[in-house]
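Protein chains in written order, with UniProt numbering: chain Y, 1 to 282; chain U, 1 to 265. C-beta: ideal position from N, C-alpha, C; glycine also. Treat the numbers as computed from the prediction; the structure is a model and nothing was measured. To start, the structure itself, in structure tokens.
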Amino acid sequence: MKREIISLQEVTFTYAEEDIGIRPAIQNVSYTINEGEWVAIVGHNGSGKSTLARLMNGLLFPQTGTVRIFGEPLNEHNLWDTRSKMGMVFQNPDNQFVGATVQDDVAFALENNGIPFEEMVERVHASLAKVKMSDFMNSEPHHLSGGQKQRVAIAGAIALQPSILLLDEATSMLDPQGREEVLQTVHELRKETDLTVISITHDLEEALLADRVIVMNQGEKYATGSPHEVFERGQELIDLGLDLPFAMNMSRLLRAQGVQLVADHMSEEELVNDLWTSHFNK
Amino acid sequence: MLEKMIFGRYIPGDSFIHRLDARAKLLFVFFFIMVVFIANNWITYGILLVFTFLIIKLSKIRLYFLINGLKPVVFLIIFTFLLHLFFTREGPIILDWKFIKIYEEGLKQGIFISIRFTVLVILTSILTLTTTPISITDALEILLNPLKKWKLPVHELALMMSISLRFIPTLMDETDKIMKAQMARGSDMTTGNMKERMNAIVPLLIPLFVSAFKRAEDLATAMEVRGYRGGEGRTRYRKLEWALRDTLTLLTLVVLAVILVYFRN
Ligand SMILES: Nc1ncnc2c1ncn2[C@@H]1O[C@H](COP(=O)(O)OP(=O)(O)OP(=O)(O)O)[C@@H](O)[C@H]1O
Ligand SMILES: [Mg+2]
């Protein structure tokens with residue numbers, strides 16, 4: 001059994017404490033994420049995903065319940081230490097680019113944590129190599145594509161060699177190609193290190209890549225399980241305002257048209273395989 | 001565009017001047033402004049011109065860019081020249097035509113002032129043309145560091161400056177987008193009288209401000225998440241390296257000052 005890395009226990013959070021009667025942004029949510037896991041958190045707009053992210057790195061503190069990171073309750077004393085072990089990438093590529101150039105931006109978190117100069121240079125180079133942006137060391141942000149900027153943001157997040165990478169809709173403003181680039185980068189990183197990835201998304205294709213999916217609905221945890229288990233719920237998820245992955249949607253529609261399909265399909269490949277072999281199985 | 005207005009335009013290069021430490025260049029310009037005031041006759045102003053010419057040569061910057069830098073102040077130079085020309089009443093009269101009297105001293109002072117202006121503008125242009133804005137910011141932060149004692153938030157100011165520089169192109173793009181969006185909705189910003197045009201700008205400014213505040217909030221969160229908590233205990237990724245050539249460069253200013261003092265009246 002892997003070590004637990006983040007755990008929420010009966011966490012409730014309300015933005016406007018004075019307004020009683022308002023539905024809390026997060027209501028009685030509990031889950032545990034283990035070391036090395038890739039967990040996707042999905043949910044409709046306003047379901048509380050970003051609020052969860054903020055609770056996990058101490059930008060917000062819950063009114064009731066506890067957030068434990070590395071087995072310790074998160075509080076003001078270990079806040080900065082925790083943040084240095086948790087890299088985070090946000091939605092808007094422009095609004096998180098602090099440095100004047102790519103290398104300055106990657107160095108930002110290192111500077112903040114007082115890393116000595118020589119080590120800083122090494123780590124900046126290593127991180128940029130990992131996200132394949134070494135050729136853009138001196139580029140300014142407005143000369144980069146969205147996907148490139150997000151890769152730089154990932155480089156900046158992993159430069160501190162964190163145990164956790166938290167992506168809050170990091171791909172939602174990107175075109176399909178940029179999205180592919182970013183997800184590919186996360187994949188590669190996970191191969192090399194025992195990085196725990198928490199990706200918040202409402203792109204269910206992205207959620208398919210995860211080991212486990214947590215579905216949020218109106219501030220509450222609605223379901224959790226492997227992508228297979230979760231997406232089997234089909235219509236239920238659609239009712240929650242989520243989009244099923246393309247292949248699943250396609251096979252649903254095909255079935256509705258009376259096409260005989262053998263199994264459920266998570267990926268396009270599975271579906272295509274099933275379609276072209278279906279004749280032989282008759 | 002705005003970026004160019006504020007910080008000139010950096011032209012990459014590898015000249016002696018490009019390689020100087022940004023702090024050295026800033027200090028040089030700062031002290032040069034004082035040294036210029038030592039000059040007070042033809043010889044000393046001549047020396048200043050020659051000195052400036054040498055620096056231009058060393059920077060390997062095309063004259064075109066320097067003339068561009070001079071353009072905005074040409075009017076000011078001509079204006080002060082004329083002011084001195086007409087209103088200094090000393091020395092023999094060299095021109096007397098109808099009610100205009102021009103005195104020798106007036107002409108001389110006019111020329112001197114113009115030289116002083118030109119030389120200063122050229123040197124500051126060379127500073128901004130050969131130094132990246134980010135190095136200038138860094139250099140300012142380090143040079144102003146002693147002022148922290150008097151509670152001047154030097155680190156914060158430098159950070160503000162570099163973030164503003166970083167966001168200028170982003171906000172420019174945004175302005176452009178909003179402008180097109182408003183034009184597509186039939187708003188007209190290029191015709192009409194002053195009042196109509198001002199009114200047309202409001203629907204441009206409001207979305208721009210809203211989005212700038214949103215950006216600022218996002219940026220603050222992103223910075224906090226990445227461990228930013230003020231200048232305390234921070235290390236620097238950008239290193240400025242003071243070399244012998246920087247010391248020597250500043251020494252040439254001392255030499256220049258001595259020469260000027262020797263030749264002045
Ligand atoms: N700063 C805030 N102040 C007050 N209420 C907020 C604030 N941020 C979010 N909320 C509210 O909290 C709830 C959860 O918002 P949250 O941003 O966590 O949703 P989300 O799942 O991330 O949505 P999205 O998919 O749009 O990013 C929403 O009802 C939202 O209106
Ligand atoms: Mg969100």
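Contacts of residue i in chain U (Cβ-Cβ under 9 Å)
{"i": "methionine 114 (chain Y)", "result": "As written in the sequence, residue 114 (chain Y) is glycine, which differs from the methionine given in the question. In chain order: Gly233, Arg234 and Thr235."}
{"i": "leucine 59 (chain Y)", "result": "Thr221, Glu224 and Val225"}
{"i": "phenylalanine 117 (chain Y)", "result": "Thr235, Arg236, Tyr237 and Lys239"}
CB-CB length for residue i against residue j, believed under 8 Å
{"i": "leucine 195 (chain Y)", "j": "valine 182 (chain Y)", "result": "Not a contact, Cβ separation roughly 14 Å."}
{"i": "glutamate 17 (chain Y)", "j": "glycine 71 (chain Y)", "result": "In fact, because the Cβ distance is near 29 Å, the residues do not count as touching under 8 Å."}
{"i": "asparagine 95 (chain Y)", "j": "alanine 222 (chain U)", "result": "7 Å"}
{"i": "leucine 143 (chain U)", "j": "leucine 26 (chain U)", "result": "6 Å"}
{"i": "alanine 83 (chain Y)", "j": "glycine 231 (chain U)", "result": "Residue identity check: residue 83 (chain Y) is arginine in the sequence provided, not alanine. Not quite, the Cβ-Cβ distance comes to about 18 Å (not below 8 Å), so this is no contact."}
{"i": "residue 293 (chain Y)", "j": "lysine 221 (chain Y)", "result": "With chain Y running from 1 to 282 in the structure shown, residue 293 (chain Y) is simply not present."}
{"i": "valine 42 (chain Y)", "j": "valine 213 (chain Y)", "result": "6 Å"}
{"i": "leucine 8 (chain Y)", "j": "methionine 88 (chain Y)", "result": "About 17 Å; that fails the 8 Å criterion."}
Minimum Cβ-Cβ distance from residue i to chain U less than 7 Å
{"i": "aspartate 94 (chain Y)", "result": "yes"}
{"i": "methionine 137 (chain Y)", "result": "no"}
{"i": "glycine 252 (chain Y)", "result": "The amino acid at residue 252 (chain Y) is misidentified as glycine; the sequence shows arginine. Chain U, which has no Cβ nearer than 7 Å to the Cβ of arginine 252 (chain Y), makes this no."}
{"i": "methionine 173 (chain Y)", "result": "no"}
{"i": "methionine 133 (chain Y)", "result": "no"}
{"i": "glutamate 111 (chain Y)", "result": "yes"}
{"i": "histidine 142 (chain Y)", "result": "yes"}
{"i": "glutamate 232 (chain Y)", "result": "no"}
{"i": "methionine 56 (chain Y)", "result": "no"}
{"i": "phenylalanine 70 (chain Y)", "result": "no"}
{"i": "phenylalanine 90 (chain Y)", "result": "yes"}
{"i": "methionine 120 (chain Y)", "result": "yes"}
Bridge partners - residue i, DSSP secondary structure assignment
{"i": "glutamate 72 (chain Y)", "result": "Y:Ile69"}
{"i": "valine 42 (chain Y)", "result": "Y:Val215"}
{"i": "tyrosine 31 (chain Y)", "result": "Y:Leu8"}
{"i": "leucine 166 (chain Y)", "result": "Y:Met88 and Y:Ile198"}
{"i": "leucine 95 (chain U)", "result": "U:Ile102"}
{"i": "tyrosine 64 (chain Y)", "result": "First, the amino acid is wrong: residue 64 (chain Y) is threonine here, not tyrosine. The partner list for threonine 64 (chain Y) (beta bridge, DSSP) reads Y:Thr12."}
{"i": "lysine 221 (chain Y)", "result": "Y:Met216"}
{"i": "isoleucine 26 (chain Y)", "result": "Y:Phe13"}
Proximal residues of chain Y, C-beta to C-beta of residue i below 7 Å
{"i": "serine 162 (chain U)", "result": "Ala100"}
{"i": "isoleucine 134 (chain U)", "result": "Ala100"}
CB contact check: residue i to chain Y, cutoff 7 Å
{"i": "glycine 13 (chain U)", "result": "no"}
{"i": "alanine 22 (chain U)", "result": "no"}
{"i": "arginine 9 (chain U)", "result": "no"}
{"i": "arginine 166 (chain U)", "result": "yes"}
{"i": "valine 225 (chain U)", "result": "yes"}
{"i": "tyrosine 103 (chain U)", "result": "no"}
{"i": "leucine 219 (chain U)", "result": "yes"}
{"i": "alanine 243 (chain U)", "result": "no"}
{"i": "proline 169 (chain U)", "result": "yes"}
{"i": "alanine 139 (chain U)", "result": "no"}
{"i": "arginine 19 (chain U)", "result": "no"}
{"i": "alanine 212 (chain U)", "result": "no"}
{"i": "alanine 222 (chain U)", "result": "yes"}
{"i": "isoleucine 215 (chain U)", "result": "It is arginine, not isoleucine, that sits at residue 215 (chain U) in the sequence shown. Yes, arginine 215 (chain U) counts as interfacial toward chain Y."}
{"i": "tyrosine 262 (chain U)", "result": "no"}
Listed by chain order, chain A residues near residue i by CB distance under 8 Å
{"i": "alanine 25 (chain Y)", "result": "No chain A appears in this structure, whose protein chains are Y and U."}
Contact set between residue i and chain Y, taken where Cβ atoms lie within less than 8 Å
{"i": "lysine 71 (chain U)", "result": "Under the 8 Å cutoff, chain Y gives no residues; its nearest Cβ is about 26 Å from lysine 71 (chain U)."}
{"i": "aspartate 176 (chain U)", "result": "The contacting residues do not exist; aspartate 176 (chain U) stays about 12 Å from chain Y at best."}
{"i": "aspartate 173 (chain U)", "result": "His142"}
Under 8 Å from the C-beta of residue i: neighbouring residues of chain U
{"i": "glycine 46 (chain Y)", "result": "Near glycine 46 (chain Y) there are no residues of chain U at all, since even the closest Cβ is about 17 Å away, more than 8 Å."}
{"i": "aspartate 104 (chain Y)", "result": "Ile134, Tyr237 and Arg238"}
{"i": "glycine 156 (chain Y)", "result": "Arg226"}
Contacts that residue i makes with chain U (C-beta to C-beta distance below 7 Å)
{"i": "arginine 83 (chain Y)", "result": "Val225 and Gly227"}
{"i": "alanine 107 (chain Y)", "result": "Tyr237"}
Practice prompt. Answer yes if the region 159-171 of chain U comes into contact with the region 94-110 of chain Y, meaning at least three C-beta pairs across the two stretches below 8 Å, and no otherwise.
Written response: Here the region 94-110 of chain Y lies against the region 159-171 of chain U, with 3 or more beta-carbon pairs under 8 Å apart.
Item to complete: Report yes or no: do the region 229-237 of chain U and the region 20-38 of chain U share at least 3 C-beta pairs separated by less than 8 Å?
Response: Result no; under three Cβ-Cβ pairs closer than 8 Å.
Item to complete: Determine contact between the region 39-49 of chain U and the region 111-127 of chain U, defined as no fewer than three beta-carbon pairs at a distance below 8 Å.
Response: Result yes; three or more Cβ-Cβ pairs closer than 8 Å.
Discussion item. Does the structure place the region 147-163 of chain Y close enough to the region 117-133 of chain Y that three or more beta carbon pairs sit under 8 Å?
Written reply: Segment contact: the region 117-133 of chain Y against the region 147-163 of chain Y, three or more CB-CB distances shorter than 8 Å; contact assigned.
Practice prompt. Determine, using beta-carbon pairs with one atom in the region 68-85 of chain Y and one in the region 238-254 of chain Y, whether at least three such pairs fall under 8 Å.
Written response: No, they do not touch.
Discussion item. Quick check: the region 200-209 of chain Y against the region 34-52 of chain Y, are at least 3 beta-carbon pairs closer than 8 Å?
Written reply: The region 34-52 of chain Y vs the region 200-209 of chain Y: in contact.
Worksheet entry | contact_flag[the region 136-146 of chain Y, the region 204-211 of chain U] where n(CB pairs < 8 Å) is 3 or more | Touching, no, given that fewer than three Cβ pairs across the two stretches are closer than 8 Å.
Worksheet item: Are at least three pairs of beta-carbons, each pair with one atom in the region 121-135 of chain U and one in the region 62-76 of chain U, less than 8 Å apart?
Response: Verdict: yes, contact present.
Discussion item. With three or more beta-carbon pairs closer than 8 Å as the criterion, would you say the region 73-87 of chain Y touches the region 114-121 of chain Y?
Written reply: In short, these stretches do not touch, since the Cβ pair count stays below three.
Discussion item. I want to know whether the region 33-44 of chain U touches the region 72-89 of chain U - three or more CB-CB distances under 8 Å.
Written reply: Inter-segment contact for the region 33-44 of chain U and the region 72-89 of chain U is absent: fewer than three beta-carbon pairs are separated by less than 8 Å.
Worksheet item: Looking at C-beta atoms only, is the number of pairs between the region 15-22 of chain U and the region 243-260 of chain U that lie closer than 8 Å three or more?
Response: Contact holds: three or more Cβ-Cβ distances are below 8 Å.
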